[in-house]
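Protein sequence lines correspond, in order, to chains V and D.
Take 1 as the starting number for the first sequence in the working numbering and just add one per residue.
Take 138 as the starting number for the second sequence in the working numbering and just add one per residue.
Glycine included, each C-beta is placed from N, C-alpha and C at the ideal position.
What follows is a short report on a single structure.
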Amino acid sequence: MDEPLNLVLFSGTDDKLQAAAVLTAGAAALGKPVNIFLQYWALDAFTRAKIGRDHGLAPEAGDEGRKAVDALGKAVQATWAETMRQAKDLGEVDIQACSLSMDLLDIEAEALDPLVDGVEGVTAFYLNAGDGQIVFI
Amino acid sequence: MDTVTIDVRVDARGLNCPMPIVKTAQAIKAMASGQALEVVATDPGSVKDFEAWSKSTGNALVEHTSDGAVFRFVLRKK
């Protein structure tokens, strides 16, 4: 369990971020380190101004999917940000913003939610990933 | 039948995956070696999750019962 799980988060919709948060929390509970690299729309969703907002769902969800996700949210499911926070409290979870995406979206480091640990480039991400799997969401 | 003295209890009923395991891992972290934790959960996936988590972390799953709707797990911290 020593190899880290490495997640590249690209999509900024709530369903994909929720799925990523579940994978992160599960790995953290097993004592597996998790490296998260935030790009594009996922990075945008991790800004202070937007983290608490409704980020919509992936197009394949459709109306039925929207209903199912709303029902789950109302019942028990914590938001993805809350699940990420719990995962960070529990284990070794490092969340880094992609520096290129920061430039592209014109986001300053101060604008990022405190869940984000820092800003790095893709080389640093690969280096930290070691021999662990890389998953793109 | 053996009865285990429970030191810590976690109620994870109504919580979805992966929260029962997250709450379990949080509770175990704060416990002393040898203490027993009882978890009750309703997530059907938790059965396999607890077996896998126990195997992977080395905290023994000493009891595992179910009445069909609620699953009860007793773990001993290694």
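Under 7 Å from the C-beta of residue i: neighbouring residues of chain V
i: V155 (chain D); result: A quick correction: the sequence has Pro, not Val, at residue 155 (chain D). Per Cβ cutoff of 7 Å: V22, A25, G26, A29.
i: Q163 (chain D); result: L90
Sub-8 Å separation of residue i and residue j beta-carbons
i: A28 (chain V); j: V22 (chain V); result: no
i: T161 (chain D); j: V176 (chain D); result: yes
i: L38 (chain V); j: L57 (chain V); result: no
i: A81 (chain V); j: T24 (chain V); result: no
i: H55 (chain V); j: D106 (chain V); result: no
i: R53 (chain V); j: A111 (chain V); result: no
i: L129 (chain V); j: P4 (chain V); result: In the sequence under discussion, the amino acid at residue 129 (chain V) is Ala, which differs from the Leu named in the question. Contact flag set, yes.
i: L104 (chain V); j: R85 (chain V); result: no
i: S11 (chain V); j: I137 (chain V); result: yes
i: S191 (chain D); j: F208 (chain D); result: no
i: L174 (chain D); j: A164 (chain D); result: yes
i: I106 (chain D); j: G91 (chain V); result: One cannot answer for residue 106 (chain D) here, as it falls past the ends of chain D, which runs 138 to 215.
i: D204 (chain D); j: C154 (chain D); result: no
i: S99 (chain V); j: Y40 (chain V); result: no
Which listed residue (the options) has its alpha carbon closest to that of residue i
i: D117 (chain V); options: V:D94, V:T47, V:D131; result: V:D94
i: D70 (chain V); options: V:L5, V:L127, V:Q18; result: V:Q18
i: V199 (chain D); options: D:K214, D:K185, D:A164; result: D:K214
i: D113 (chain V); options: V:E60, V:P59, V:L43; result: V:L43
i: D196 (chain D); options: V:G31, V:Q96, V:D15; result: The identity of residue 196 (chain D) in the sequence shown is Asn, whereas the question assumes Asp. The option with the nearest alpha carbon to N196 (chain D) is V:G31.
i: I36 (chain V); options: V:N6, V:E64, V:G130, V:D54; result: V:N6
i: L212 (chain D); options: D:A206, D:V159, D:P157, D:Q172; result: D:Q172
i: A215 (chain V); options: V:D2, V:K16, V:Y126, V:D131; result: Since the first residue shown for chain V is 1 and the last is 137, residue 215 (chain V) is missing from the structure and cannot be characterised.
Chain V contact residues for residue i, given Cβ-Cβ distances below 8 Å
i: V194 (chain D); result: Val is not the amino acid found at residue 194 (chain D); the sequence shown has Thr there. In chain order: L30, G31.
Proximal chain D residues relative to residue i, where beta-carbon distance stays under 7 Å
i: Q18 (chain V); result: Here the premise fails: no neighbours, minimum Cβ distance about 10 Å.
i: Q86 (chain V); result: V159
i: Q139 (chain V); result: Not covered by the structure: residue 139 (chain V). The range shown for chain V is 1 to 137.
For residue i: DSSP bridge partner residues
i: S170 (chain D); result: Bridge partners of S170 (chain D): none, in fact.
i: F187 (chain D); result: F187 (chain D) pairs with nothing; no bridge assigned.
i: E120 (chain V); result: V:C98
i: H201 (chain D); result: D:F210
i: I36 (chain V); result: V:L7, V:I95
i: D148 (chain D); result: D:V177
i: F136 (chain V); result: V:V8
i: T47 (chain V); result: V:L112
Cross-chain neighbours of residue i in chain D, by beta carbon under 8 Å
i: Q77 (chain V); result: N153
Practice prompt. Answer yes if the segment 166-173 of chain D comes into contact with the segment 69-79 of chain V, meaning at least three C-beta pairs across the two stretches below 8 Å, and no otherwise.
Written response: no
Item to complete: Could you tell me whether the segment 139-159 of chain D touches the segment 113-130 of chain V, where touching means 3 or more Cβ pairs closer than 8 Å?
Response: Because the criterion of three Cβ pairs below 8 Å is not met, the segment 139-159 of chain D and the segment 113-130 of chain V do not touch.
Worksheet item: Is it true that the segment 145-158 of chain D meets the segment 177-184 of chain D, where meeting means three or more beta-carbon pairs spaced less than 8 Å apart?
Response: yes
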